[in-house]
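To start, the structure itself, in structure tokens.
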Amino acid sequence: MIEAKEITVRFGAAAALRDVSLDLAPGRRLGVVGESGCGKSMLGLALMGMLPDAARLSGSLSVDGKEMAMASDRDWRALRARRVAMIFQEPLAALNPLRRVGETVMEPLRRHLGLDRDAARARALDLFEETGIQDPAAKLRQYPHELSGGQRQRVLIALALACDPGLLIADEPTTALDAHVGLRITDLLVRLARDRGMALMFISHDLAAVARTAEDLVVMYGGEIVERGATAEVLADPQHPYTQGLLAARPPLAAGHLRERLAVIPGTVPGLMHLPEGCRFSGRCAVEMAHCATVRPLERATGPFRSAACHLIGGER
Amino acid sequence: MRRRQVNLWLGAALVGLMTAVALVSLFWTPYDVTQLTISRKFEPPSPTNWLGTDQLGRDVVSLLMAASVNSLTVAFVAVGIGGSIGTALGLAASAWGGWVETLVMRLADLGFAFPALLFAIMLAAAFGPSLGNAILAIAFINIPIFARVARGAANQVWTRDFVLAGQVAGLGRLRLTVDHILPNIAAPIIVQATIEFAVAILAEAALSYLGLGAQPPLPSWGRMLAEAQTLMYLAPELAIYPGLCIIAAVLGFGLLGDGLRDVTDPRLTRARA
Chain L
4 MIEAKEITVR FGAAAALRDV SLDLAPGRRL GVVGESGCGK SMLGLALMGM
54 LPDAARLSGS LSVDGKEMAM ASDRDWRALR ARRVAMIFQE PLAALNPLRR
104 VGETVMEPLR RHLGLDRDAA RARALDLFEE TGIQDPAAKL RQYPHELSGG
154 QRQRVLIALA LACDPGLLIA DEPTTALDAH VGLRITDLLV RLARDRGMAL
204 MFISHDLAAV ARTAEDLVVM YGGEIVERGA TAEVLADPQH PYTQGLLAAR
254 PPLAAGHLRE RLAVIPGTVP GLMHLPEGCR FSGRCAVEMA HCATVRPLER
304 ATGPFRSAAC HLIGGER
Chain A
291 MRRRQVNLWL GAALVGLMTA VALVSLFWTP YDVTQLTISR KFEPPSPTNW
341 LGTDQLGRDV VSLLMAASVN SLTVAFVAVG IGGSIGTALG LAASAWGGWV
391 ETLVMRLADL GFAFPALLFA IMLAAAFGPS LGNAILAIAF INIPIFARVA
441 RGAANQVWTR DFVLAGQVAG LGRLRLTVDH ILPNIAAPII VQATIEFAVA
491 ILAEAALSYL GLGAQPPLPS WGRMLAEAQT LMYLAPELAI YPGLCIIAAV
541 LGFGLLGDGL RDVTDPRLTR ARA
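So the protein sequences, as listed, match chains L and A. Straight run, no breaks: the first sequence in the numbering used here ends on number 320. Straight run, no breaks: the second sequence in the numbering used here ends on number 563.
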């Protein structure tokens with residue numbers, strides 16, 4: 004569906020993404036985790052052809068076998084909604100406050116699929132039902148502020164699904180929602196991806212939500228993919244020191260552990276201009292070696308469909 | 291909060307009154323304003339002529355009423371034309387950015403730098419003085435004003451997530467502008483239009499005063515002022531009445547515009563809360 008090979012996104016001298024490669028097959032669900040500023044949202048935008056004007060993209064990005072890295076906005080527009088769609092973190096902000104949500108959902112149906120008003124409304128009603136919106140006929144006529152957070156996110160999902168895309172990118176879709184509402188949204192996304200044979204890219208910093216949603220997982224740090232593999236395997240046996248730190252930093256829930264201090268990864272993510280040339284994680288890494296800051300570790304396979312980018316992996320100590 | 295509402299309601303009342311009078315005068319005025327009765331010139335106020343008569347024996351109340359139609363029409367048409375063109379240009383500048391934006395905004399700067407009165411005199415010199423040319427001149431000065439307001443407001447809306455969501459849904463700039471940007475900049479545009487109404491009424495009066503606007507026998511506050519000027523010592527009230535009308539109209543639209551802005555500007559709402 005989408006194949007990215009070593010895509011790099013630069014703003015002037017700073018690299019927001021460095022040599023990111025990934026492959027999204029139809030029906031696969033990929034989780035992308037990392038801290039704020041690790042480039043995960045930038046990756047989502049890059050796959051939609053929606054990078055800011057100042058950004059420079061290099062590498063190869065093919066959608067349905069068509070090379071899009073250098074494509075014009077017009078070419079991208081033909082793909083958006085029809086092949087790749089996206090939902091956002093803040094469902095309220097992502098809906099025009101002055102339009103009925105039904106109108107918003109009908110718009111791509113009429114523009115892209117050429118449906119007339121009645122056909123578009125019928126289709127929007129189907130989509131509202133499919134995304135589990137209660138009383139869909141009445142909701143079509145309501146404004147965003149009249150809906151709850153979960154309902155708004157479902158409206159956005161309906162909007163994203165309107166033209167039957169092959170890939171849905173969900174950029175932190177549950178972050179702004181209550182935990183239990185978020186869980187229902189993640190389950191809905193999994194069900195939709197399964198029923199429609201649609202690829203799903205689930206961007207989040209919430210490991211529990213990713214574990215529930217995605218079969219495959221990539222861990223990002225400093226604009227690079229540091230580790231990847233099947234979600235269950237990565238979470239059970241993290242190999243990159245960053246992933247290990249991320250998992251260790253989860254708050255324990257068992258009684259008796261509640262008063263323990265949380266494990267933390269020391270330091271903060273450096274700004275784009277101050278990322279080390281070698282391993283992006285050097286400077287914060289607990290098991291750092293002398294050459295880590297200057298020599299860049301490449302992704303090394305550590306098993307079937309598993310790899311990590313660290314000098315400690317592959318016996319090269 | 292309360293004080294600002296006073297602006298709004300006082301402005302609305304003045305504008306409402308003005309509009310009502312103008313509408314009534316379309317069908318009825320106490321006397322025919324084209325009817326000259328020289329024998330009854332300079333009559334003092336009386337039960338039959340509430341504000342007396344002018345140098346040609348016309349009823350002053352009827353003249354003021356008929357002239358209000360003229361003022362409102364000029365303001366409405368001129369702000370309508372200038373506002374539409376300016377808003378469209380501002381939206382285009384915001385949507386396409388780059389050289390389009392630079393071109394539109396530099397042209398707007400040029401428009402600001404060009405004296406409106408000079409433009410009106412040029413039009414009058416080229417095509418003869420008429421109300422139509424006065425409208426064109428006032429419309430012209432409104433274009434850059436609305437272009438700036440529209441672009442500024444639109445630039446803010448473009449950064450919002452729902453526009454991004456529209457782009458994700460594959461909508462082009464034109465569709466986004468019509469469906470998502472324009473409705474969300476309506477408030478500042480309407481506020482600006484109300485304020486520009488006041489300016490346009492004043493401009494029409496000024497142009498008519500100079501003989502560049504409404505031509506006789508069309509009644510106009512500005513021309514009534516000009517005609518009364520030579521009679522200042524004989525009948526000063528003939529200059530005072532149209533002057534008061536102009537003040538009331540400008541004040542009314544100005545207060546209404548200010549009030550609307552205060553009600554619709556979220557920054558002010560938050561400051562008050």
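By construction, the Cβ of each residue, glycine as well, lies at the ideal position given by its N, Cα and C atoms.
Query raised in the report: Would you say L304 of chain A reaches chain L, if we count a Cβ-Cβ gap shorter than 9 Å as a contact?
Result: no
Query raised in the report: What is the DSSP secondary structure of G499 of chain A, reduced to helix, strand or coil?
Result: For the record, residue 499 of chain A in the displayed sequence is Tyr; it is not Gly. Correct three-state label for Y499 of chain A: helix.
**Report entry** Contacts around R320 of chain L, its chain only, beta-carbon distance under 7 Å, and the 5 residues preceding and following it disregarded
**Finding:** Bear in mind that a pLDDT of 40 at R320 of chain L, under 50, signals an unreliable position, so the model cannot answer this.
Query raised in the report: Any idea if K69 of chain L is buried or exposed, counting beta-carbon neighbours within 10 angstroms, 16 or more meaning buried?
Result: Exposed.
Query raised in the report: Taking Y224 of chain L as the reference, which of L:R197, L:I268, L:L191, L:L203 has the closest Cα?
Result: L:I268
Requested in this report: Confirm, please, whether the CB-CB distance from A88 of chain L to V458 of chain A is below 9 Å.
Outcome: yes
Query - Straight-line Cα distance separating P532 of chain A from T309 of chain A - result: 16 Å
Query raised in the report: Does the beta-carbon of R144 of chain L have 16 or more other beta-carbons within 10 angstroms, so that it is buried, or is it exposed?
Result: exposed
Query raised in the report: Between P176 of chain L and I90 of chain L, which are expected to be in contact by the criterion C-beta below 8 Å, what is the C-beta distance as a whole number of angstroms?
Result: Going by Cβ atoms, the distance from P176 of chain L to I90 of chain L rounds to 5 Å, so yes, they are a contact pair.
**Report entry** Contact list for P473 of chain A against chain L, beta-carbon separation under 7 Å
**Finding:** L101
Query raised in the report: At what residues does the beta strand (DSSP E) containing T11 of chain L begin and finish?
Result: 5-14
Query - Proximal residues to A429 of chain A (C-beta, below 6 Å), its chain only, five neighbours per side dropped - result: A368, I371, G372
Query raised in the report: DSSP on G347 of chain A, reduced to helix/strand/coil?
Result: coil
Requested in this report: Look at the Cβ atom of I491 of chain A, then the Cβ atom of F409 of chain A, and state whether they are nearer than 9 Å.
Outcome: no
Requested in this report: Within 10 angstroms of the Cβ of W511 of chain A, are there 16 or more other Cβ atoms? Answer buried if so, exposed if not.
Outcome: buried
Report task. Would you mind giving the Cβ-Cβ distance between R83 of chain L and M109 of chain L, rounded to the nearest angstrom? I have them listed as a contact below 8 Å. Result -> Cβ atoms of R83 of chain L and M109 of chain L stay farther apart than 8 Å, at about 17 Å.
Query raised in the report: Do I433 of chain A and I479 of chain A have their C-beta atoms within less than 9 Å of each other?
Result: no
Report task. For my contact list, H314 of chain L and C295 of chain L are in at a C-beta cut-off of 8 Å; report their separation, rounded to the angstrom. Result -> 6 Å
Query raised in the report: With 16 other CB atoms within 10 Å as the buried threshold, where does I530 of chain A fall?
Result: exposed
Query raised in the report: Going along chain L, which residues have a C-beta under 8 Å from V458 of chain A?
Result: M51, M53, R83, A84, A88, M89, A163
Query raised in the report: Any C-beta of chain L sitting closer than 9 Å to the C-beta of A443 of chain A?
Result: no
**Report entry** N- and C-terminal bounds of the alpha helix (DSSP H) containing Y245 of chain L
**Finding:** 244-251
Report task. Below 7 Å CB to CB, which residues in the same chain sit around A74 of chain L once its five sequence neighbours on both sides are set aside? Result -> G52
**Report entry** Residues of the segment 229-253 of chain L whose Cβ lies closer than 9 Å to any Cβ of chain A, in chain order
**Finding:** Cβ contacts with chain A come from no residue of the segment 229-253 of chain L.
Requested in this report: Can you tell me which of the three DSSP states L112 of chain L falls into?
Outcome: helix
Query raised in the report: Which residue's Cα is closest to the Cα of R450 of chain A: L:E6, L:P94, L:D56?
Result: From the listed residues L:E6, L:P94, L:D56, the smallest Cα separation to R450 of chain A is found for L:P94.
Query raised in the report: Should R114 of chain L be flagged as near chain A, meaning a C-beta pair shorter than 9 Å?
Result: yes
Query raised in the report: Do G30 of chain L and A173 of chain L come within 9 Å of each other at the CB atom, strictly closer than that value?
Result: no
Query raised in the report: What separation, rounded to the nearest whole angstrom, lies between the Cα atoms of W389 of chain A and A365 of chain A?
Result: 33 Å
Query raised in the report: Does the segment 295-309 of chain L touch the segment 514-523 of chain A, meaning 3 or more C-beta pairs lie closer than 8 Å?
Result: No: fewer than three Cβ pairs fall under 8 Å.
Report task. Please list the segments of the beta strand (DSSP E) lying wholly inside the segment 434-464 of chain A, counting only runs of 3 or more residues, in order along the chain. Result -> Complete beta strand (DSSP E) runs here, min 3: none at all.
**Report entry** 9 Å Cβ cutoff, P111 of chain L in contact with chain A
**Finding:** For P111 of chain L, the answer is yes, since a Cβ of chain A falls inside 9 Å of its Cβ.
Query raised in the report: Comparing alpha-carbon positions, which option in L:E280, L:E227, L:T305, L:M4 lies nearest V66 of chain L?
Result: L:M4
Query raised in the report: Taking 9 Å as the CB-CB limit, is R144 of chain L close to chain A?
Result: no
Query raised in the report: By Cβ distance, which residues of its chain are closer than 7 Å to A266 of chain L, with the 5 residues on each side in sequence left out?
Result: A251, A252
Query - Neighbouring residues, chain L, relative to A477 of chain A (Cβ below 7 Å) - result: Those within 7 Å of A477 of chain A in chain L number zero; the least Cβ separation is about 10 Å.
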